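Asks: Have a look at this one before I ask anything.
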Amino acid sequence: MKKKYFLNANIIDPYNAIEEVGGLIVNEEGKLEAVGKKVNKNNIPSREKFIDLKGKYIFPGLVDMRVFVGEPGFEYKENFKTLSNAALSGGVTSVVTMPNTLPVIDNVSIVDFLKRRGRDKSKINIYPSASLTKNLESTNMTEFGLLKKKGIIAFTDGLKTIQNTRLMSRIMRSAYDLDCLVMQHAEDFELSKNGSVNDGIVATRLGLQGVPDLAERIIIERDLTLLEDFNCRYHISQISSSKSVEVIKKKKDVVKFTTGVSINNLSLNENDIGDFRTFLKLSPPLRTEEDRMSLVDAINKNLIDVIVSDHKPEDEESKRLTFSQAATGASGIETLLPLALEQFHNNSIKLFKIIELLTSNPAKILKINKGNLTIGSNADFCIVDINKPWIVKKENLISKSKNTSIEDKKMQGKVISTFVNGEELYKAN
Amino acid sequence: MAFNKKAIKISQKHLLGIQDLSISDINIILDEAKSFISLNKSKNKKIDILRGKTQINLFFEPSTRTQSSFELAGKRLGADVMSMNIVNSAIKKGETLIDTAMTLNAMHPDLIVIRHQDSGACNLLSQKVNCAVLNAGDGRREHPTQALLDALTIIDRKKKISGLKIAICGDILHSRVARSNIYLLNMLGAELNIVAPSNLMPKDIEKLGVNKFTNMKDGLKDCDIVMMLRLQSERMTSSFLSSNREYYEYYGLTPDKLNLAKEDALIMHPGPMNRGIEIDTKLADDINKSVIKEQVELGVAVRMACLKIFGQQ
Numbered sequence: 171m172k173k174k175y176f177l178n179a180n181i182i183d184p185y186n187a188i189e190e191v192g193g194l195i196v197n198e199e200g201k202l203e204a205v206g207k208k209v210n211k212n213n214i215p216s217r218e219k220f221i222d223l224k225g226k227y228i229f230p231g232l233v234d235m236r237v238f239v240g241e242p243g244f245e246y247k248e249n250f251k252t253l254s255n256a257a258l259s260g261g262v263t264s265v266v267t268m269p270n271t272l273p274v275i276d277n278v279s280i281v282d283f284l285k286r287r288g289r290d291k292s293k294i295n296i297y298p299s300a301s302l303t304k305n306l307e308s309t310n311m312t313e314f315g316l317l318k319k320k321g322i323i324a325f326t327d328g329l330k331t332i333q334n335t336r337l338m339s340r341i342m343r344s345a346y347d348l349d350c351l352v353m354q355h356a357e358d359f360e361l362s363k364n365g366s367v368n369d370g371i372v373a374t375r376l377g378l379q380g381v382p383d384l385a386e387r388i389i390i391e392r393d394l395t396l397l398e399d400f401n402c403r404y405h406i407s408q409i410s411s412s413k414s415v416e417v418i419k420k421k422k423d424v425v426k427f428t429t430g431v432s433i434n435n436l437s438l439n440e441n442d443i444g445d446f447r448t449f450l451k452l453s454p455p456l457r458t459e460e461d462r463m464s465l466v467d468a469i470n471k472n473l474i475d476v477i478v479s480d481h482k483p484e485d486e487e488s489k490r491l492t493f494s495q496a497a498t499g500a501s502g503i504e505t506l507l508p509l510a511l512e513q514f515h516n517n518s519i520k521l522f523k524i525i526e527l528l529t530s531n532p533a534k535i536l537k538i539n540k541g542n543l544t545i546g547s548n549a550d551f552c553i554v555d556i557n558k559p560w561i562v563k564k565e566n567l568i569s570k571s572k573n574t575s576i577e578d579k580k581m582q583g584k585v586i587s588t589f590v591n592g593e594e595l596y597k598a599n
Numbered sequence: 161m162a163f164n165k166k167a168i169k170i171s172q173k174h175l176l177g178i179q180d181l182s183i184s185d186i187n188i189i190l191d192e193a194k195s196f197i198s199l200n201k202s203k204n205k206k207i208d209i210l211r212g213k214t215q216i217n218l219f220f221e222p223s224t225r226t227q228s229s230f231e232l233a234g235k236r237l238g239a240d241v242m243s244m245n246i247v248n249s250a251i252k253k254g255e256t257l258i259d260t261a262m263t264l265n266a267m268h269p270d271l272i273v274i275r276h277q278d279s280g281a282c283n284l285l286s287q288k289v290n291c292a293v294l295n296a297g298d299g300r301r302e303h304p305t306q307a308l309l310d311a312l313t314i315i316d317r318k319k320k321i322s323g324l325k326i327a328i329c330g331d332i333l334h335s336r337v338a339r340s341n342i343y344l345l346n347m348l349g350a351e352l353n354i355v356a357p358s359n360l361m362p363k364d365i366e367k368l369g370v371n372k373f374t375n376m377k378d379g380l381k382d383c384d385i386v387m388m389l390r391l392q393s394e395r396m397t398s399s400f401l402s403s404n405r406e407y408y409e410y411y412g413l414t415p416d417k418l419n420l421a422k423e424d425a426l427i428m429h430p431g432p433m434n435r436g437i438e439i440d441t442k443l444a445d446d447i448n449k450s451v452i453k454e455q456v457e458l459g460v461a462v463r464m465a466c467l468k469i470f471g472q473q
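Rendered as structure tokens:
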């Protein structure tokens, strides 16, 4: 590999507290050799070609902590190859995949298979998570220790929530002993039963069963209370309401934990569902504008640590149904960064903060050396034109499934190219 | 009687819900319905306004009055009416609603009347077919012709709706009738009291511009109309109420409770009734107070008006 030189870019690397105009050098091994303002035209060999990125941005490759892939079992929705291409086009270079596959990722041998597939078919860094309980049945714990030895860095039941308090306390104890990260999707299933939208005026008007914000809050309160006694590494996958923000604010001083939010809940509200748009049937559901604003506010107050795409590819057949029958979730890995930039353009969140929640923060929680531009580390990064206008069209999506929650939305900001290990694996045309 | 065969223009192609209609649309439908009331009482009830048109009734939920009412309405206007028996259809073999819609669409109907257990099913159908879709009830969302016939009944008896105080009582949560009536009667200027136990009250209902009550005493005070709703036990997946007898004690319409309303208050019920649960059986049959039979009668006229107007769009 030839050395690569990039100059005059706006570089943001929250991990190393860098926010400056400068350059970046990738060495022959695909590692970062130099980063920052000291890298300029005057101190690179004059015979070398360089790429002038004036006005453009360089961010570390994004780390997306919540991604669903259809492999194994639902390859027609998304496989590692299509996921990897979709991720690259959105500047994402590392993902944590959810264990809700067929079969479920709940034992050592399936992890071996998965890692091989991920390595062979994917160009990005795949970190499969394993389930907390065998076959997602909320009965018996999986082998946290053995799975960790195989390289599993996070445990979650993905779409499912541990309802049983005693089991949850035991999971926390084991996770503490073995230093494992537990990620909980917070939803009380009795309270959310048959629900498909936020419980409120939209549910009443559309005649749909609502999911109250209480369903989320009650699990968060329970888990954070348990955490006072069983202090493991604990992460709330995603929150959706101002009530949850209040609980988190109260508990921040008492126990240590981290919190995520889906880009959908951060950018959209329940009114976007309009006339039964099933692509906006999400879990947690889109809530009120006040709830959405409280999530933005929570990011600015350091109460939310991570933004995820909650990428959930669903084929057309699963969505062309009545709202209550339709599958839940939206495809979103390739629009994660552009949609997050909206919060910067409308002056809601600082750019540095947004990038922090998309790169260094998730990497720190996962304890992986990704999402940074530290000298000597693998050159995973993306080049972004943060002002480029474009419109989301499902036919242009790279993911195998086209269920975007923001069809026809006008965006500002696009990934121009994405590098993994110093190699340019995506280039916008 | 001579009937105007000319097509009447209104703002919508489909009748999916009262929410989509303007006041002018509603007045057009109600005026048209009035003209059919006397026809339905005459000896020769059949005219040929919809001759040559095909109407398909697609009922995914059991229904007696609405289905027969729509069938009769179509036949009286001269349409060819086909009622699909869903129990024996391909739906039971796993066909999706959209595929059924495409199949029916290929037969070139002019009108499809649909009832479905899922809210929004008629909206989905209307996006996939070329003809007019009439909603005969979707989940708990809307039942527009029921609200229109209720309005027509009230106008017939009280000569107006504007300024009336109307109580809608009972299982509001599961009721599409309640929702359609709230939109319609609100638009026509009534004051609405919604009365239900908290467990059967939809969230944020007051945002629809109604007064909310959890007891009959306050809710029925000075009302001109008391509309009782059926307790939809079949839609209740978990415990909403302790028992029917307790419900009757607190929320059932009894002579005592009716006394709280105005002296000339009328009783309405969309049917089918649970006698002795939401309504006292004698009150239901009281010809001086109950207009329940009239509702059914005017239902045919309203559906004729809707079929005529939407069948000619």
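Sequence order for the protein chains is A and B. Each residue of the first sequence is one higher than the last, beginning at 171 in this note's numbering. Each residue of the second sequence is one higher than the last, beginning at 161 in this note's numbering. A virtual CB, placed ideally from N, CA and C, is assigned to each residue, including glycine. Values in this document were obtained by computation on a predicted structure and should not be read as measured data.
1) So, are the CB atoms of V554/A and G583/A less than 9 Å apart?
2) Name the residue from K453/B, G349/B, T224/B whose alpha carbon lies nearest to the alpha carbon of G369/B.
3) Just to make sure I have the definition right: I need the residues of chain B whose C-beta is within less than 8 Å of the C-beta of Q657/A. Which are they?
4) Do N265/B and V241/B count as a contact pair if the criterion is CB distance below 9 Å?
5) If you follow the beta strand (DSSP E) that H515/A is in, where does it begin and where does it stop?
6) Verify whether the separation of the beta carbon atoms of A307/B and N353/B is less than 9 Å.
7) Can you find the residues in the same chain that come closer than 7 Å, C-beta to C-beta, to F400/A, ignoring five residues on each side of it along the sequence?
8) Using 8 Å for Cβ pairs, my map puts R339/B next to G377/A. What's the rounded Cβ distance?
9) Starting from the beta carbon of A373/A, find every residue of chain B whose beta carbon is closer than 8 Å, and list them in chain order.
10) Using alpha carbons as the reference points, say which of Q513/A, L456/A, L536/A lies closest to Y404/A.
11) Comparing the C-beta of T256/B with each C-beta of chain A, is any distance below 9 Å?
12) For P215/A and G192/A, I'd like the C-alpha separation in whole angstroms.
13) Hey, is E487/A's beta-carbon within less than 9 Å of any beta-carbon in chain B?
14) Answer with buried or exposed for E594/A, where buried requires no fewer than 16 other C-beta atoms within 10 angstroms of its C-beta.
15) Does T263/B pass the burial test, meaning 16 or more other C-beta atoms within 10 Å, or should it be called exposed?
16) Would you kindly check if the distance between the Cβ of L543/A and the Cβ of I294/A is under 9 Å?
17) Counting only the same chain and skipping the five closest in sequence on each side, list residues whose C-beta sits under 7 Å from that of P508/A.
18) Tell me whether the beta-carbon of G200/A lies closer than 9 Å to the beta-carbon of I188/A.
19) State the start and end residues of the unbroken alpha helix (DSSP H) segment that holds S464/A.
20) Using a Cβ-Cβ distance cut-off of 9 Å, determine whether E302/B contacts chain A.
21) So if DSSP puts S264/A in a beta bridge, which residue, or which two residues, is it bridged to?
22) Compute the Euclidean distance between the alpha carbons of D423/A and T331/A, then round it to the nearest angstrom.
23) For chain A, check one thing: does any of its Cβ atoms lie closer than 9 Å to the Cβ of L281/B?
24) What's the gap between the Cα of L175/B and the Cα of D331/B?
25) Cβ of S264/A within 9 Å of Cβ of G502/A?
26) Residues of chain B with a CB under 8 Å from the CB of G370/A: which are they?
27) Taking a cut of 7 Å between CB atoms, which residues from the segment 487 to 503 of chain A lie near chain B?
28) With distances taken Cα to Cα, identify the nearest neighbour of G299/B among F493/A, F314/A, H481/A, L348/A.
29) Which term fits Y246/A, buried or exposed, when burial requires 16 or more other beta carbons within 10 angstroms of its beta carbon?
30) Just reading off the beta strand (DSSP E) that T588/A is part of, what are its end residues?
31) With burial defined as no fewer than 16 other Cβ atoms inside 10 Å of the residue's Cβ, what is the status of H515/A: buried or exposed?
32) Whose Cβ in chain D lies nearer than 9 Å to the Cβ of G330/B?
33) Which term fits I296/A, buried or exposed, when burial requires 16 or more other beta carbons within 10 angstroms of its beta carbon?
34) Is the segment 304 to 317 of chain A touching the segment 518 to 528 of chain A in the sense that three or more CB pairs, one from each, lie closer than 8 Å?
35) Taking 9 Å as the threshold (C-beta atoms), are K363/B and G321/A in contact?
36) Can you list the residues of chain B that D445/A reaches, using a CB-CB cut of under 8 Å?
Replies: Considering the structure as presented:
1) yes
2) G349/B
3) Outside the modelled stretch of chain A, which goes from 171 to 599, sits residue 657/A, for which no answer is possible.
4) no
5) Run containing H515/A: none in the beta strand (DSSP E); it sits in the alpha helix (DSSP H), 506 to 515.
6) no
7) S339, M342, R343, Y346
8) 6 Å
9) P362, K363
10) L536/A
11) yes
12) 16 Å
13) yes
14) exposed
15) exposed
16) no
17) M581, G583, K584
18) no
19) 459 to 470
20) yes
21) V233/A, N295/A
22) 25 Å
23) Per the sequence shown, residue 281/B should be read as Ala rather than Leu. It does; some Cβ of chain A falls within 9 Å.
24) 24 Å
25) no
26) K363, D364
27) R490, L491, T492, F493, S494, Q495
28) F493/A
29) exposed
30) 580 to 590
31) exposed
32) The question asks about chain D, but that chain is absent: this structure's protein chains are A and B.
33) buried
34) no
35) no
36) G280, N283
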